[in-house]
Structures are given as structure tokens and as C-alpha cells.
Amino acid sequence: MKPNAPVSLTRFLIEQQREKGHINADLRLLIEVVARACKRISIAVGKGALGGVLGSAETENVQGETQKKLDVLSNEILLDANAWGGHLAALASEEMDDPHPIPDRYPKGEYLLVFDPLDGSSNIDVNISVGTIFSVLRCPEGVKNPDEKAFLQPGTKQVAAGYAVYGSSTVLVLTLGDGVHVFTLDREQGSFILTGSNVKIPEDTSEFAINMSNMRHWEAPMKRYIDEMLAGKTGPRGRDFNMRWVASMVADVHRILTRGGIFIYPRDLKDPSKPGKLRLMYEANPMAMIVEQAGGAATTGRVRILDIQPEKLHQRVPVFLGSKNEVERATAYHREADA
Ligand code: AHG
Ligand code: MN
Ligand code: MN
526 MKPNAPVSLT RFLIEQQREK GHINADLRLL IEVVARACKR ISIAVGKGAL
576 GGVLGSAETE NVQGETQKKL DVLSNEILLD ANAWGGHLAA LASEEMDDPH
626 PIPDRYPKGE YLLVFDPLDG SSNIDVNISV GTIFSVLRCP EGVKNPDEKA
676 FLQPGTKQVA AGYAVYGSST VLVLTLGDGV HVFTLDREQG SFILTGSNVK
726 IPEDTSEFAI NMSNMRHWEA PMKRYIDEML AGKTGPRGRD FNMRWVASMV
776 ADVHRILTRG GIFIYPRDLK DPSKPGKLRL MYEANPMAMI VEQAGGAATT
826 GRVRILDIQP EKLHQRVPVF LGSKNEVERA TAYHREADA
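Mapping to my numbering: the sequence shown position 121 is 646, numbers consecutive.
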């Protein structure tokens, strides 16, 4: 093979297994299967109105959110793809109340897969980037039929995490705990090709991502952090900041991975029963692992996301992630206020 020949995801994974010993055959299969499912979701998303997949499914998920047809379809694609390979013990998803067992007719493996099948669903019908987020855990030893409890492991226990963005191109971002690697879907060939190795998030940034319409519900340290940025050159920060908000976490995180920035979905006081909007197990944790592996930071504004001991599968957390120095500053403001 020529020295500069494109590296496919398959080759990348085989090298991770054979040369680096980072993964075993089951984890390699798992990633390949998830990537294949993402390809199918990408095709469905890309058909848009022609595929009859836009609009609401007129059902609700466990969190009381109305499901879009593509939420349901993407969930089914991931379930079907992962049922028969023998690499999983169980799956869980944003769109299912409880963990989904592997059907009895198939062998069971040692991994647990948790996913947000379609992130950014409010953007589906308006042709803006959406994505898939996933996290891989090990099934606790001796557990034959994993229930919710088996999944409740802190993010530090993830053995792999990734996301796909279905945007102007389809991109798969992956970490196996040794850096972050980016693959772009070659639509003609139908394969993911390595287009970025060991990507790093710049430590400093002048760009923030937040839904400003919630400002009146924020806590005081949160208001302080944003106010100081909005004050620009003549304010305490001494420089101007720019704002971006796609409302698809995958797209916002991908921008941050590419050129830096801070993404925030803080705790707000709109609904005191919800300590944030984003879900720990299949949004915050996988993204936090990726961001940390890329040299960034991820906290709830108070504690490191990856250290949280989950209490529920669909638990929500505040999220601050991206360029290290900004995440640390926002976190320091919260800690100062608490003290
Ligand atoms: P999902 O579509 O999986 O429910 O997630 C949507 C999330 C996240 O992608 C995004 O950052 C955020 O919700 C947007 O929230 P707002 O609509 O409140 O801006
Ligand atoms: Mn989501
Ligand atoms: Mn979703």
C-alpha cells in the first residue's frame, strides 16, 4: 500500500487492535457496527422530504419530548445493527425508557452501548446539522441480564465514545481513550476515511455557544461569566467575544473541536426539577470524554462531568465544555459564588 493511501475506519481499527493493543476484536466490531448504522442514518437524513422521514412521529419519549420520525428511525437502525453481532450485553438510548436486552437468540458480549440516536432533532425539518452520540461501557462482571443499574457507571469508565454529525459532510469522531480521531464519510465509496488524528482543542477562545434566551433563569455566576464576555474590549475581559448556537450539540461540539470555543447548557431555574437540559449518560459523558481527550475540559460548572456517579439512566446535568481556560474560568466563578 502507498504510504499516503487513505486510511479507512476499518484499517484504523485493525491497527488499534493489532499494533497498539488498545481494543479487542469485540470492541472493534462494535465501533464498526455503530459506524455502519451512522451511515444508514446519514442516508435517511440526507433524503430529507424525499424519504418521507421529516416531521413528528406523534409519540413521546420517557422525558416527555415529542419524538420526530427520524428519532424513532435512527433508534431502530442502531438497535437492529447492534442486536446480532455478539459484542453487546445490552443497549440503552434517549428514546427508550429502559435498557434494551440483546434478544435471546443471539450471543451476548461484554459491552454496554448507550446512545442519543439523533441529537438536535429540532433541526431535522429545517435542514440543519443533526447527529448521533454514543458511549461504550463494560458490563459489570457477573451481570447476565443488565438492567439500569449496570449502566450507572461514571464517565471515567467509558472505553470508547464518539459522535457522528450529519452536516454538509458526514463526519465520525471517535476516541478509544487515546486521543480523538476524525473520519469523513466518502459517500461514493461508502467508507469512513481518517481525516484528522489526535485533534486538539485550543486552550483559549473568543467564541461561546449558549442559548441566550434562558438568561433570565440563570444563576448569578453564570450571568457574571456571560456579562463579562458581552462587555467586550472595554469590559473586564479586555477583548471581544463572538457567539454561535446551532441547537444541535453535535454541531456545536464539532465546531469547538475544530477551532475552539466553549459550549454551555447551564443549570437554570426555569424548571427546578431539571438540573440542566442535557442528559449525562448519552450526551454529557461521551462529549466530555472526547473533549478531555482533545485537551479540553468538561464540567457541570462545579465538578468534572466524568467523575459524576450517575443515579438514573436519563439523568440531566449542566454542561460546560470546550477550550480549557474558559471552562476553568466559568467553573471558578461558580465555585467562588458557592463559597
Ligand atoms: P435532542 O435533540 O437529542 O433532544 O438534543 C437537543 C439538545 C442539544 O442537541 C442542543 O444543544 C440543545 O438540546 C438545544 O436546546 P435549546 O433548544 O434549548 O436551545
Ligand atoms: Mn441530544
Ligand atoms: Mn436525541
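The C-beta atom is built at its ideal place from N, Cα and C for all residues, glycine as well.
- Straight through space, the alpha carbons of Leu-554 and Tyr-631 are spaced by roughly 15 Å.
- Within the chosen limit of 7 Å, ligand 2 reaches the beta carbon of Asp-644 through at least one heavy atom.
- By the neighbour-count definition (other C-beta atoms within 10 Å, threshold 16), Asn-529 is an exposed residue.
- Here the C-alpha atom of Arg-561 lies approximately 9 Å from the C-alpha atom of Leu-603.
- For Glu-808, the CB falls within less than 7 Å of some heavy atom of ligand 2.
- Pairing Val-655 with Asn-648, the inter-Cα distance amounts to about 7 Å.
- In this structure, the C-beta of Tyr-688 stays at least 7 Å away from each heavy atom of ligand 1.
- Within the DSSP secondary-structure output, Lys-593 pairs in a beta bridge with Ser-581.
- Following the DSSP letters along the chain, one finds Pro-746 inside the alpha helix (DSSP H) bounded by residues 745-755.
- A Cβ-Cβ separation of about 19 Å leaves Asp-596 out of contact with Ala-608 under the 8 Å criterion.
- Counted as a single uninterrupted DSSP element, the alpha helix (DSSP H) harbouring Arg-780 occupies residues 774-784.
- Taking the Cβ of Glu-585 as the reference point, every heavy atom of ligand 1 lies at 7 Å or farther away.
- Assignment of Pro-528 by DSSP, reduced to helix, strand and coil, places it in the coil class.
- At the C-beta level, Ser-660 and Pro-811 come within 8 Å of one another.
- It is roughly 32 Å from the alpha-carbon of Arg-784 to the alpha-carbon of Glu-590.
- Proximity of the beta carbon of Glu-601 to ligand 3 is not indicated: no heavy atom of the ligand is located closer than 7 Å.
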